[in-house]
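Trainee: Starting off with a structure, shown below.
In our numbering, the protein residues as written are 1 to 108.
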């Protein structure tokens, strides 16, 4: 590709990434949101994380797998418990990785 095309592509990617993040902050600067809206917005990160994680936990080989040999589900259970109890990202990741690694070592 020509250098101009690459540069224009990069500028376009910058605009479509930066503008949607800038506009809400810019328009809502100094304004107080309704308490219901603030409470609702607190759930957005959790919903996005769930939308990213659930397909990788459940979908294998193009189909939903609720089988006992789905090691990712086994790793998600203790990771979820650690996340809920300790609220530690590092501990959550380590718990999930240890269970999956241990299960792979024992079962396969």
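Built from N, CA and C at the ideal position, the CB exists for glycine as well.
Apart from the five residues just before and just after residue 42, which ones in its own chain have a Cβ nearer than 7 Å to its Cβ?
Mentor: Result list for residue 42: empty, nothing under 7 Å.
Trainee: Considering only the beta carbon of each residue, do residue 52 and residue 72 sit closer than 7 Å?
Mentor: For residue 52 and residue 72, no; Cβs fall outside 7 Å.
Trainee: Ordered along the chain, which non-local residues of its own chain (more than five positions away) have a Cβ less than 7 Å from that of residue 83?
Mentor: Result list for residue 83: 92, in chain order.
Trainee: Residue 75: buried (16+ other C-beta within 10 angstroms of its C-beta) or exposed?
Mentor: Flag for residue 75 reads buried.
Trainee: Which of the three DSSP states is assigned to residue 39 in this structure?
Mentor: Correct three-state label for residue 39: helix.
Trainee: Assuming contact is defined by CB atoms lying nearer than 7 Å, are residue 59 and residue 78 in contact in what I supplied?
Mentor: No, the pair does not count as a contact, with Cβ atoms beyond the cut-off.
Trainee: Just the C-alpha distance for residue 61 and residue 89, rounded to the nearest angstrom, thanks.
Mentor: One C-alpha to the other measures close to 28 Å.
Trainee: Which partner residues does residue 16 have in the DSSP bridge list?
Mentor: Answer is none; residue 16 lacks a bridge partner.
Trainee: From residue 11 to residue 28, what distance separates their C-alpha atoms?
Mentor: Looking at the two C-alpha atoms, the distance is approximately 26 Å.
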